[in-house]
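Following: one structure in structure tokens, then a few remarks.
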Amino acid sequence: MSTTAEPTLLDGRAFAKRVKEDFAPRVEALRAAGRTPRLVAVRVGEDPATSAYLRGQRRGAERWGIDYEIRTLDPASNEAAIRKAIKELNRNPDVTGILLALPLPEGIGARALQHEIDPAKDVEGVHPENLGGCFYGRYDLLPCTALAAVGLVKSSGIEVQGKEAVVVGHSEIVGKPAAMLLLGEDATVTVCHKFTADLAAHTRRADILVVAVGLPGLIKGDMVKDGAVVIDVGINAVKDENGDTKIVGDVAFDEVAPKASAITPVPGGVGPVTVAALMRNTVLACEGMPPLDDPNQLPLFNQ
Ligand code: NAD
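Going by this note's numbering, the first residue of the sequence shown is number 143, and it counts up by one from there.
Take a look at the structure:
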């Protein structure tokens, strides 16, 4: 039996709009000072899934008043050529944010190239210096999706301190940093992954459940506690009964929603907030980073 008849739908589109409005005066001030934030996405070749993703970013940047450029390198580019492009952008004072779109061509690792991005321009928060920020509560250029997932919870007024948080998925860009951010908000955090022996035993204990795996319907109704807050990061393209492609998350929404106190839809949940997080980071990068030992913790968003 459910304790919650109607869960709160955590509407990522509405939240992303509020974040944009909160930041608008800061973007305006930068533009007025002749320092328009400028984000450059470096891609290698023209992978169609990446194109859709970058189109979403461009729309977000336009809404925020941020200049956005896609720099497409030759699909035959080797690591040295990509490195050179990143270094040029690092040196260019007009470029305030850089991201390296994935996937890269076969045989080229992303990590070494992500480390090449100037940490002060690393608006996806993938450089170790920025990932490290999650460990000591330095909330500037945080990894966007983790920031989106945890920021959505915090900004919705959901209490995190002292709660049991379970993160399913332990990737470097989502699961691990999301776990660190939840820890930073004083939750008791469990991280599950593909070798977790009894996933349901963990997820059933969660007051806050964050799922970032990439398996449609992994989390079923009987794996969730009544009243849980459920954040579905997964984005999976599946065929519906008519053979049309649709996007679903990792959570079996229809089964889980009646038990949840709050839940993100897919699409329209974490996805739009991730774009807002990227723009938030781009504004922060353009404003300039606070000193490393600044004791003032930045809010995740403007809450
Ligand atoms: P990843 O492939 O790097 O990591 C997947 C994680 O899931 C790993 O930690 C793995 O151990 C775990 N896993 C795999 N099978 C499992 C199982 N059966 N039980 C428990 N854990 C299991 O993926 P990622 O980059 O972290 O992305 C995860 C999902 O989030 C994907 O669907 C991706 O498309 C989506 N995503 C969404 C956004 C967004 O903006 N909403 C951004 C990035 C990624």
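All residues carry an ideal CB built from backbone N, CA and C; glycine is no exception.
So what's residue i in DSSP terms, helix, strand or just coil?
i: residue 350; result: strand
i: residue 154; result: helix
i: residue 379; result: strand
i: residue 316; result: coil
i: residue 388; result: strand
i: residue 371; result: strand
i: residue 144; result: Residue placement at residue 144 is poorly supported in this model, since its pLDDT is 47, which falls under 50; the coordinates are not used for a value here.
i: residue 400; result: coil
i: residue 445; result: At residue 445 the pLDDT is 49, less than 50, meaning the model places this residue with poor confidence and gives no usable figure here.
i: residue 276; result: coil
i: residue 306; result: strand
i: residue 228; result: helix
i: residue 345; result: helix
i: residue 251; result: coil
i: residue 328; result: coil
Quick one, which of the options has its alpha-carbon nearest residue i's?
i: residue 305; options: 278, 262 and 295; result: 295
i: residue 368; options: 382, 189, 358 and 405; result: 405
i: residue 376; options: 366, 413 and 386; result: 413
i: residue 232; options: 216, 252, 181 and 166; result: 181
i: residue 309; options: 249, 317 and 224; result: 317
i: residue 419; options: 331, 195, 283 and 211; result: 283
i: residue 207; options: 175, 214, 402 and 166; result: 166
i: residue 249; options: 403, 222, 269 and 272; result: 222
i: residue 441; options: 374, 151, 279 and 229; result: 279
i: residue 403; options: 357, 156, 159 and 298; result: 298
i: residue 427; options: 384, 172 and 229; result: 172
i: residue 247; options: 218, 164 and 423; result: 218
Looking at residue i and ligand 3, is the gap between the Cβ and the nearest heavy atom below 6 Å?
i: residue 310; result: No copy of ligand 3 occurs in the structure displayed; its ligands are ligand 1 alone.
Taking the CB atoms as reference points, tell me whether residue i and residue j lie closer together than 7 Å.
i: residue 307; j: residue 289; result: no
i: residue 224; j: residue 183; result: no
i: residue 379; j: residue 351; result: no
i: residue 252; j: residue 311; result: no
Kindly say whether residue i, judged by its beta-carbon, lies nearer than 7 Å to any beta-carbon of chain B.
i: residue 278; result: Among the protein chains of the structure shown there is no chain B, as only one such chain exists.
**Q.** the stretch 231–241 touching the stretch 258–267, judged by at least three CB pairs closer than 8 Å
**A.** yes
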